[in-house]
Amino acid sequence: MARLIPNIDVDEIDLKPERDVARALVDQLPNNVLVLHSYPWLRPDRNDRTGKVTLIEGEADFLIVWPEMGILVVEVKGGTIKYDADNRGWFREIGSFSKPIKDPFEQARRNSHQIVGLVSNRVYGGNSPPFSHGYAVIFPDCIYSGALPPGADAAITLSSNDLSSIADKVARALRQWARTATPYAFSKEELGKVQRAILPAFNILPVLFRTIEEQEERLIRLTDEQIRLLAFLGDNKRVAIEGVAGSGKTMLAKRQAETFAEKGMKTLFVCFNKELANWLKQELPGELDDLVHVHHFHALCAQLCRRAGIGFNPPERNSEHFWKEEAAYLLLDALEFIQEQYDAVVVDEAQDFYPDWWEPLEQLNEAKENGFLYVFYDPAQNLYNDGKVFVPAMGEPFRLPTNCRNTKAISGTCSKILKREIATHPLAPEGVSTEFITEKKHKIPPAIDSMVKQWIAVDKISCSQVVILSPNRFKNSCLNGLSKIGEQKLTFDTSEWRHGEGILFSTIRSFKGLEADIVILVDIVEPGSVEHFGNSDLYVACSRAKHILKIVSDRKIEDLIV
């Protein structure tokens, strides 16, 4: 099968005659043949009378580069074509009307001369190239009979009958055009030069921000598909939704909260992560502020305790018991003194909720256990409950097994961390492979500095697209002491980061539930070798990256994943 350029599905070619010819060429020609569709050319031309140099343009329907045979330009004339021998004119019949068209053989000849001239100048110093080169014309919707018109030959005139054997007809045409007994075969080096002459764009790298924009559009379309699940769930009152990282859980949770509010229902939207709660508050439509109350669990406890006049004073040291259990008990006490009820409760990051947290949430639901409760979770992202998930008994969960947030490359990295395959949507962008960079510790900051400079200055990436994540707080990280990275401010404020005012540094756990186009992981060690960094942390960290993931360490982390 030949290679079609542009690299598109043949079915995406708009015109059926060209689509049919492209399919025949691609299917029948050998694997090493290039088939270029709609190949344009442009050359300067001097007007002898005025002396002005203008540009002349043209386009070849197909340009075939066959390493063992040569280069052939093919002109396609689809539809019902007629030739008027008396006037040497060509026409396309459209109903009862005959529209004059250009001489297809003259078009093919002109295109061939221009393209071969280009190759001659760029590869052979302006000398006549040694390979066979010429042109042919195909009428994919017609057959012909009678004598061929001037400027035509049976070897270069093809009809619909020739589509099924088009590879043989291309070879015959090139043999007919050959100036030698047998066609000239390109050497490997020569072929490379000819291809670069015809396709100099091979040497142009895409601007990263445009690549990310294109991939992001595709991911947004895929994420939108997940919303259909909510319509399927209908009026189910108590629903558990289990999904892999990147399956759209937070988006669905947000949309469900909006749906409740649009029905006039007062809704409590609770998550674990403080930064995720802040982001959700900003993302929810302002007109729903009175109906959707967004909190991370401990902020909810603190707020309602203050309203009830109950002290909420976490100890400065050894506070784990307070956050895990006592805060929930204080919230229950507060509900004895205040009237705070909701028509619906939506919980995101439920895998991190402790058993005692659910009773006060049920109490906040006006209909208690009979009220609307939607719970979203991913067991693999459990960072606090020793791998256990505690959610109310709600029947079999609805599952979201497909990642639609990350590129296939990043999802593949996450699969390796979990040691199980995470399904990705067939239309998800491939993306670039995760890059593992091993450097001595003192060389890591300069390495990251160089990356960021390239992204900002050359690739036109915004600071708001880049985040640096670490298992450690900044003072214990390899970047400690820096105030800038890549000449950009290093910030710890997610609001500043979202507004493009700096590159964000965050711990992995603080950034859980959020995402960024580009993620750099630093201070990564073997999962489980330190108390605050396990396999789930590594999975969460990698799955935050939507398009580009770089893992920079003074150890060979790749071996631990791959």
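Mapped onto the working numbering, the consecutive letters of the sequence shown carry residue numbers 102 to 663. Every residue gets a Cβ at the ideal spot worked out from N, C-alpha and C, and that includes glycine. This one's a predicted model, so the numbers in the text were calculated from it and none came from an experiment.
Where does Pro461 land, buried or exposed, given buried means 16+ other C-beta within 10 angstroms?
Against the sequence shown, residue 461 aligns to sequence position 360. By the 10 Å Cβ count, Pro461 comes out buried.
Counting only the same chain and skipping the five closest in sequence on each side, list residues whose C-beta sits under 6 angstroms from that of Ser654.
Taking the sequence shown and counting its residues from 1, the one referred to as residue 654 is at position 553. Same-chain partners within the cutoff: Ile625.
Taking all protein chains shown into account, do 16 or more other C-beta atoms lie within 10 angstroms of the C-beta of Ser516, making it buried, or fewer, making it exposed?
On the sequence shown, residue 516 is found 415 positions in, with the first residue counted as 1. Flag for Ser516 reads buried.
Which class does Cys406 belong to by DSSP, given the choice of helix, strand or coil?
If you number the sequence shown from 1, residue 406 lands on position 305. Three-state DSSP puts Cys406 in a helix.
Determine the closest residue to Tyr245 out of Glu314, Gln327, Ile182, with distance taken between C-alpha atoms.
On the sequence shown, residue 245 is found 144 positions in, with the first residue counted as 1. When each option's Cα is compared against that of Tyr245, the closest is Ile182.
Below 7 angstroms CB to CB, which residues in the same chain sit around Ile305 once its five sequence neighbours on both sides are set aside?
By one-based count along the sequence shown, residue 305 stands at place 204. Because Ile305 sits at a pLDDT of 44, beneath the cut-off of 50, its placement in the model cannot be relied upon, and the following sentence gives the value as read from the coordinates. None.
Let me know the secondary structure DSSP gives Leu661 once reduced to three states.
The count along the sequence shown starts at 1 and reaches residue 661 at position 560. Leu661 falls in the helix class under three-state DSSP.
Endpoints, beta strand (DSSP E) assigned at Val620:
Stepping through the sequence shown from its first residue, residue 620 is reached at position 519. Val620 -> beta strand (DSSP E) spans 617-622.
Alpha carbons only, please: which of Leu650, Glu441, Tyr285 is nearest the one belonging to Ala468?
As a first step, residue 468 is located in the sequence shown; it is residue number 367 there, counting from the start. Here the closest residue by C-alpha is Glu441.
Minimum length 4: unbroken alpha helix (DSSP H) runs contained in the stretch 520-589:
545-554
Taking the DSSP output, what are the residues bridged to Thr608?
On the sequence shown, position 507 is the one that residue 608 refers to. Paired residues: Ser571.
Decide if the stretch 383-402 is in contact with the stretch 360-369; the criterion is three or more beta carbon pairs, one per stretch, under 8 angstroms apart.
yes
Could you tell me which residues DSSP pairs with Asp242 in its beta bridges?
The residue labelled residue 242 in the question sits at position 141 within the sequence shown. BP columns for Asp242 are empty, so no partner.
Exposed or buried, what is Glu194 when buried is set at 16 or more other beta-carbons lying within 10 Å of its beta-carbon?
Indexing the sequence shown from 1 puts residue 194 at position 93. Label assigned to Glu194: exposed.
Please return the same chain residues whose Cβ sits closer than 6 angstroms to the Cβ of Pro250, not counting the five positions on each side in sequence.
What you label residue 250 is simply residue 149 of the sequence shown in a count that begins at 1. Within the same chain, Pro250 has close Cβ partners Tyr184.
Which residue's Cα is closest to the Cα of Pro201: Ala274, Phe192, Ile511?
Locating residue 201 in the sequence shown gives position 100, where the first residue counts as 1. Among Ala274, Phe192, Ile511, the Cα nearest to that of Pro201 belongs to Phe192.
In chain order, which continuous runs of the alpha helix (DSSP H) of length 4 or greater are located wholly inside the stretch 421-450?
As far as the stretch 421-450 is concerned, its whole alpha helix (DSSP H) runs of at least 4 residues are 428-436.
Tell me the rounded alpha-carbon separation between Phe303 and Ala123.
For the purposes of this step, residue 303 is identified with residue 202 of the sequence shown, where counting begins at 1. For the purposes of this step, residue 123 is identified with residue 22 of the sequence shown, where counting begins at 1. Because the pLDDT at Phe303 is just 41, under 50, the model does not fix this residue reliably, and the point stays unresolved.
Okay, do the stretch 578-590 and the stretch 637-647 touch, 3+ Cβ pairs below 8 angstroms being the bar?
no
Use the C-beta contact count for Leu605: other C-beta atoms within 10 angstroms, 16 or more gives buried, fewer gives exposed.
Looking up residue 605 in the sequence shown gives position 504. Classification for Leu605: buried.
So what's Tyr485 in DSSP terms, helix, strand or just coil?
Mapped onto the sequence shown, residue 485 falls at position 384. Here Tyr485 sits in coil by DSSP.
Note the first and the last residue of the continuous beta strand (DSSP E) segment covering Gly159.
Taking the sequence shown and counting its residues from 1, one reaches residue 159 at position 58. Looking at the DSSP string, the run of the beta strand (DSSP E) that includes Gly159 is 154-167.
Secondary structure at Asn212, three-state DSSP: helix, strand or coil?
By 1-based counting over the sequence shown, the position of residue 212 is 111. Residue state, collapsed to three classes: helix.
Provide the residue(s) that pair with Arg500 in DSSP beta bridges, ordered along the chain.
In the sequence shown, counting from the first residue as 1, residue 500 sits at position 399. BP columns for Arg500 point to Glu343.
Under 8 angstroms, do Asp242 and Gly196 count as touching if we go by C-beta distance?
Sequence index remark: in the sequence shown, residue 242 carries index 141 (1-based). Sequence index remark: in the sequence shown, residue 196 carries index 95 (1-based). In this structure, Gly196 does not lie closer than 8 angstroms to Asp242 by Cβ.
Beta strand (DSSP E) segment containing Ile652, residue limits
Residue 652 sits at position 551 when you count from the first residue of the sequence shown. Taken as a continuous stretch (DSSP letters only), the beta strand (DSSP E) holding Ile652 covers 646-654.
Please report the residue range of the alpha helix (DSSP H) in which Pro145 lies.
Along the sequence shown, read from residue 1 onward, the residue named residue 145 stands at position 44. Where Pro145 is concerned, there is no enclosing alpha helix (DSSP H), although the beta strand (DSSP E) it sits in stretches over 135-147.
Output the boundary residues of the alpha helix (DSSP H) element that contains Leu377.
As a first step, residue 377 is located in the sequence shown; it is residue number 276 there, counting from the start. 375-384 is the extent of the alpha helix (DSSP H) around Leu377.
Whole-angstrom distance between Glu384 and Gly218, CA atom to CA atom:
As a working mapping, residue 218 is identified with position 117 in the sequence shown. As a working mapping, residue 384 is identified with position 283 in the sequence shown. Each residue's alpha carbon lies about 58 angstroms from the other.
Cross-strand partners of Asn132 (DSSP beta bridge)
Translated into the one-based positions of the sequence shown, residue 132 becomes position 31. None, per the DSSP bridge assignment.
Assign Asp115 to one of three DSSP states: helix, strand, or coil.
The residue labelled residue 115 in the question sits at position 14 within the sequence shown. In this structure, Asp115 counts as coil in the three-state DSSP scheme.
Between which two residues does the alpha helix (DSSP H) carrying Val631 extend?
Locating residue 631 in the sequence shown gives position 530, counting from the first residue. Element bounds for Val631: n/a, residue is neither H nor E.
Paired residues, beta bridge with Leu591 - DSSP:
As a position in the sequence shown, residue 591 is number 490, starting the count at 1. According to DSSP, which records beta bridges pairwise, Leu591 is partnered with Ile604.
Are the CB atoms of Lys647 and Asp618 within a distance shorter than 8 angstroms?
Here residue 618 corresponds to residue number 517 of the sequence shown, with the count starting at 1. Here residue 647 corresponds to residue number 546 of the sequence shown, with the count starting at 1. Contact flag set, yes.
Would you mind working out which of Phe593, Ile562, Ile557 sits nearest Arg574, comparing C-alpha positions?
In the sequence shown, residue 574 corresponds to position 473, counting from 1. Comparing C-alpha distances from Arg574 to each of Phe593, Ile562, Ile557 shows the shortest one belongs to Phe593.
Can the beta-carbon of Ala103 be found closer than 8 angstroms to that of Leu135?
Reading the sequence shown from its first residue, position 2 is the one you call residue 103. Reading the sequence shown from its first residue, position 34 is the one you call residue 135. In contact: Ala103 and Leu135 (Cβ atoms closer than 8 angstroms).
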